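Numbering (the working numbering), first residue to last: 239 to 627. Each residue gets a CB set at the ideal place from its N, CA and C atoms; glycine is no exception. These numbers come from a predicted model, not from an experiment. Each remark here refers to the structure printed beneath this line.
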Ligand code: COS
């Protein structure tokens, strides 16, 4: 049984505790999903998450959501619990949030009406199209262009590593509109998947399978009312969305780590070695102690970031980066230790810790690799030392 004592921390209220208990019960009944066909599994998971009422947490109350604005602690709790049960369920949930986040935060009322109720209802699958072959970490270097032409924008270029690519109903696409060089010349657009000139040119197979694709835009014309926010605000929209969702990546890593710790505790207690349970060996105990401490330290950083945002902090860039970096790196170590405790069994396909070992790897890369988080954290620390914000 995973540790629940963290739910008594002052970051949470009774609503969060009820949410965690309800989702735990639901997850035990419904997960893990059948992953045989990943696209179909994702579609079913999105529908099931909607039926369970869990997608109410990815949109604001005005569009059927559970809270007036996105409650980051709820998003983190949900990702943590889903990840502990089934990485693909976490993925399906997270993408509905990340790829509707720019609309929730910056969309026009018309865009919100068109997208948010359907995302919440599980009838519209969402994708966030930022990364390019030559611009993932360096967002300001994006090369995809959007040229104004009368009442439309015409998008040309390519995107890659796009989660839900191939099954999404819409993509939030970031492109250069060139109001200024670099970060100040990007804009965001809501592009329906069936728009002429937008093609899925490659599906990418990865170590922990989920829908992932490369997209090509060739003369892809979208009405001007598909612009999200103002021209030139794309970088800010991307970063503000990532501020919210980066903490949730840390939360997913935390869920994977908690599961690995549970599996390792169970294994250490039951596996006999040198005539006694493995847990009696001090080397095993040392490992378990490090794992348990890493889990709690991750939880503190994740829920601190989420709490700060929910309590009105306008930007939680530093807190979110710390949470994402620490929790994903720590989870990798925790899971590696769990595999070690399992010995040969830990690398057998289909054994839970083997699955976690594959699941965790991408989280140290996507939504800002660890190296990017270090840049962000160091900049903030240096700014603060110089007397900035
Ligand atoms: N919220 C709002 N505005 C922000 C912001 C945030 N979190 N972060 C930066 N900005 C603003 C800055 O304030 C700056 O505006 P001013 O010049 O008016 O102050 C502007 O945006 C440019 O910021 P910065 O100078 O930091 O831009 P850089 O190009 O140097 O940014 C990093 C570099 C690495 C921080 C950025 O490109 C990044 O986060 N990259 C990783 C992106 C990512 O997660 N990719 C994965 C793809 S999504 S799966």
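Straight across, the Cα-Cα distance linking residue 326 with residue 493 is about 13 Å. Close to the ligand COS, as judged by a C-beta nearer than 6 Å to any of its heavy atoms, are the residues 368, 369, 374, 375, 376, 377, 378, 421, 473, 474, 477, 478, 480, 481, 553, 555, 604, 605, 606, 610, 613, 614, in chain order. Cβ-Cβ distances below 8 Å link residue 383 to 393, 394, 395, 413, 414, 415, 416 in the same chain, with the five nearest sequence neighbours on each side left out; the list follows chain order. Remark: C-beta atoms of residue 558 and residue 491 do not approach each other more closely than 9 Å. Residue pairing for residue 401: DSSP places it in a beta bridge opposite 450. For residue 599, the CB contacts under 8 Å within the same chain, skipping 5 residues up- and downstream, are 445, 446, 570 in chain order. Remark: C-beta atoms of residue 409 and residue 380 do not approach each other more closely than 9 Å. 9 Å or more divides the Cβ of residue 311 from the Cβ of residue 328. Collapsing the DSSP output to three states places residue 310 in a helix. Within its own chain, the residues whose Cβ lies closer than 7 Å to the Cβ of residue 591, once the five positions on either side in sequence are excluded, are 498, 501, 573, 576, 577, 580, 584, listed in chain order. Excluding the 5 residues flanking it on each side, residue 345 has same chain C-beta neighbours closer than 6 Å at 466, in chain order.
Short of 6 Å from the beta carbon of residue 568, and not among the five residues preceding or following it, lie these beta carbons of its own chain, in chain order: 532, 536.
Two segments are said to touch when three or more pairs of C-beta atoms, one from each, lie closer than 8 Å; by this definition the segment 289 to 307 does not touch the segment 469 to 478. Annotation: the segment 263 to 335 contains the following complete segments of the alpha helix (DSSP H) (minimum length 4 residues), in chain order: 276 to 289, 310 to 323. When DSSP states are grouped into helix, strand and coil, residue 566 belongs to the helix group.
Ranked by Cα distance from residue 508, the first of 522, 347, 324 is 522. Here residue 562 has 484, 487, 488, 611 as same chain residues with Cβ atoms under 6 Å from its own Cβ, once five neighbours each way along the sequence are excluded. Under DSSP, residue 510 takes part in a beta bridge, and its partners are 515. Bridge partners of residue 245 according to DSSP: none are assigned. Residue pairing of residue 466 in beta bridges, as defined by DSSP: 426. Assignment of beta-bridge partners to residue 340 by DSSP yields no partner. Looking from the CA of residue 267, the closest CA among 324, 314, 293 belongs to 324. Beta-bridge analysis with DSSP links residue 436 to 455.
Looking at the DSSP output, residue 483 shares a beta bridge with no other residue. Beta-carbon to beta-carbon, residue 541 and residue 247 are separated by about 7 Å, close enough to satisfy the 8 Å threshold.
Just measuring C-alpha positions, the residue of 315, 277, 460, 449 sitting nearest residue 261 is 315.
DSSP lists 387, 461 as the beta-bridge partner residues of residue 390. Rounded to the nearest whole angstrom, the CA to CA distance from residue 609 to residue 375 is 9 Å. DSSP lists 411 as the beta-bridge partner residues of residue 367. Between residue 534 and residue 244, the CB-CB gap stays under 9 Å.
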